[in-house]
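A.B. asks:
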Amino acid sequence: MQMLFGSNRKSDLALVLIFQKRIRCKQRIYKIFVKCNRKMAKDYKLTQMYMPFYAACVATTIGFLFFFLSFSSPYWLQSYDRVHSSFLHMGIWSVCFDRFVHPQDYHANVLTGCYWIFDPFFFKIGIWQWLDPAWLVAVQVLITVAFITQCCVILILVLYHLLYGHPAAESTMAMGGQLFIGILLTVCVITYGVMCEDRVWMPRPDQNFLAWSFGFAILAAISSYIAAGFLYCVSYTDRAAQEEVERFEAVEQQYGLRSVLSGRAGTTSAIGQSLYGGTQSIGGVVVKVPSTGVRPAQVR
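If you're matching positions, the sequence shown starts at 454 in this note's numbering and goes up one per residue.
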């Protein structure tokens, strides 16, 4: 009885060693496979012409340049040179006058030069509410939100290019951000273009015209819509690839490959059961192990 128990035990240990070697081989092969796939994906994204993404980057860069110039320059509204108006030009944050005196200023302060719209001097003489009405404040808020969003989109695209994070989520957020920027800029452009004709605001609106900073804002909005279109293509491809990966992982988990490779509990029991016959799945491969004999009885 002891001899039979000893021989069975030796054969069991031999089979366990064989399966352990096979599992280690499968682990090495799997690691090499994953490493090669990651390297191939990285080389593809960094060296191949991934056209929708690079087109989106170009459109985003051009749009950011237009946006920055429009955001910082004081030429949204300008007066004609031939009329010699006391109002010269203004942007979102500054305004320029030439010997301008506001009718509501009882001290008759003569304004000459360029001023910040939020200059405390305008609050002191009581003309800030005229200079910066509610609709212009709304435009300033919206365009500031759009500019911050543009910076965030550029950061997301850099992370996407460096293969950091989840590509599907990053491309979707970048697409949504560009679409959001385009909508905000469209609202700002329409609001400013309509309300600048208000005669209660700047004097003689018929002598003023929308200048090049306003045109850059329009070009920035168009660039945002174009970038959003290209990023939609990138997002669609990334989401489809992610769904394929999730399906592959589900198949891995179903056939036991993941538990063997990750060393989870349950692998040893599967091997132990296979020592005494039956069909088992090891590493995603179905094997039929012949019985090595009767299970030894418990020795008291």
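Cβ atoms here follow ideal geometry from the backbone N, Cα and C, with glycine treated the same way. All values reported here derive from a predicted model rather than from experimental measurement.
Straight-line CA distance for Thr639 to Pro586?
C.D. replies: For the purposes of this step, residue 639 is taken as the residue at position 186 of the sequence shown. For the purposes of this step, residue 586 is taken as the residue at position 133 of the sequence shown. Roughly 19 Å between the two C-alpha positions.
A.B. asks: What does a CB cutoff of less than 6 Å around Ser688 pick up in its chain, not counting 5 residues either side in sequence?
C.D. replies: As a position in the sequence shown, residue 688 is number 235, starting the count at 1. For Ser688, where only same-chain residues beyond five positions count, the Cβ hits under 6 Å are Ser624, Thr625, Met628.
A.B. asks: Within 10 Å of its beta-carbon, does Tyr559 have 16 or more other beta-carbons around it, so buried, or fewer, so exposed?
C.D. replies: For the purposes of this step, residue 559 is taken as the residue at position 106 of the sequence shown. It counts as exposed.
A.B. asks: Using CA atoms only, rank isn't needed, just tell me which of Ile609, Val642, Ser526 is closest to Thr513.
C.D. replies: What you label residue 513 is simply residue 60 of the sequence shown in a count that begins at 1. Ranking Ile609, Val642, Ser526 by Cα distance to Thr513 puts Ile609 first.
A.B. asks: Please report how far the alpha carbon of Tyr645 lies from the alpha carbon of Leu595, in whole angstroms.
C.D. replies: Counted from its first residue, the sequence shown places residue 645 at position 192. Counted from its first residue, the sequence shown places residue 595 at position 142. The alpha-carbon atoms of Tyr645 and Leu595 are separated by roughly 12 Å.
A.B. asks: Beta-carbon separation of Ser677 and Gly618 under 8 Å?
C.D. replies: The residue you call residue 677 lines up with position 224 of the sequence shown. The residue you call residue 618 lines up with position 165 of the sequence shown. Against a cut-off of 8 Å, the Cβ pair of Gly618 and Ser677 comes out as no contact.
A.B. asks: Do you know offhand how far Gly668's Cα is from Phe701's?
C.D. replies: Taking the first residue of the sequence shown as position 1, residue 668 is located at position 215. Taking the first residue of the sequence shown as position 1, residue 701 is located at position 248. Gly668 and Phe701: Cα-Cα distance of roughly 50 Å.
A.B. asks: So the beta strand (DSSP E) Tyr568 belongs to, where does it begin and stop?
C.D. replies: Locating residue 568 in the sequence shown gives position 115, counting from the first residue. For Tyr568, the enclosing beta strand (DSSP E) covers residues 564-569.
A.B. asks: Report the CB separation of Leu672 from Phe519 in whole angstroms; it is logged as a contact under 8 Å.
C.D. replies: Position 219 of the sequence shown, counted from the first residue, corresponds to residue 672. Position 66 of the sequence shown, counted from the first residue, corresponds to residue 519. At roughly 5 Å, the Cβ-Cβ gap stays under 8 Å, so Leu672 and Phe519 are in contact.
A.B. asks: Check whether the Cβ atoms of Tyr533 and His542 sit closer than 8 Å, and answer yes or no.
C.D. replies: Translated into the one-based positions of the sequence shown, residue 533 becomes position 80. Translated into the one-based positions of the sequence shown, residue 542 becomes position 89. Not closer than 8 Å, so no.
A.B. asks: With DSSP run on the structure shown, which of helix, strand or coil describes Leu615?
C.D. replies: Taking the sequence shown and counting its residues from 1, the one referred to as residue 615 is at position 162. Leu615 falls in the coil class under three-state DSSP.
A.B. asks: Determine the extent of the alpha helix (DSSP H) in which Met655 is found, giving its start and end residues.
C.D. replies: Here residue 655 is taken as the residue at index 202 of the sequence shown, counted from 1. Per DSSP, Met655 lies in no alpha helix (DSSP H) and is assigned neither H nor E.
A.B. asks: Confirm, please, whether the CB-CB distance from Ala509 to Phe683 is below 8 Å.
C.D. replies: On the sequence shown, position 230 is the one that residue 683 refers to. On the sequence shown, position 56 is the one that residue 509 refers to. Yes. Within cutoff.
A.B. asks: On the CB-based measure, 16 or more other CB atoms within 10 Å of its CB, does Gly566 come out buried or exposed?
C.D. replies: What you label residue 566 is simply residue 113 of the sequence shown in a count that begins at 1. When all chains shown are included, Gly566 counts as exposed.
A.B. asks: Answer with buried or exposed for Leu564, where buried requires no fewer than 16 other C-beta atoms within 10 angstroms of its C-beta.
C.D. replies: Looking up residue 564 in the sequence shown gives position 111. The residue is buried, with at least 16 neighbouring Cβ atoms inside 10 Å.
A.B. asks: If I follow the unbroken beta strand (DSSP E) through Val548, where does it start and stop?
C.D. replies: As a position in the sequence shown, residue 548 is number 95, starting the count at 1. 547-553 is the span of the beta strand (DSSP E), which, as asked, contains Val548.
A.B. asks: Assuming Phe540 and Phe524 are in contact, meaning their beta carbons sit under 8 Å apart, how far apart are those beta carbons, in whole angstroms?
C.D. replies: As a first step, residue 540 is located in the sequence shown; it is residue number 87 there, counting from the start. As a first step, residue 524 is located in the sequence shown; it is residue number 71 there, counting from the start. Incorrect: roughly 21 Å between the Cβ atoms, too far for contact.
A.B. asks: Closer than 8 Å by C-beta to Pro620: which residues in its own chain qualify, once you throw out the five before and the five after it? Chain order, please.
C.D. replies: Numbered from 1 along the sequence shown, position 167 holds the residue referred to as residue 620. Around Pro620: Tyr613, Asp691, Ala694, Gln695.
A.B. asks: Whole angstroms is fine: what's the gap from Val590's alpha carbon to Phe506's?
C.D. replies: One-based indexing of the sequence shown puts residue 590 at position 137. One-based indexing of the sequence shown puts residue 506 at position 53. Val590 and Phe506 have their alpha carbons spaced roughly 35 Å apart.
A.B. asks: Taking the C-alpha atoms as reference points, what is the distance between Pro658 and Arg652?
C.D. replies: As a working mapping, residue 658 is identified with position 205 in the sequence shown. As a working mapping, residue 652 is identified with position 199 in the sequence shown. The straight-line gap from Cα to Cα measures roughly 6 Å.
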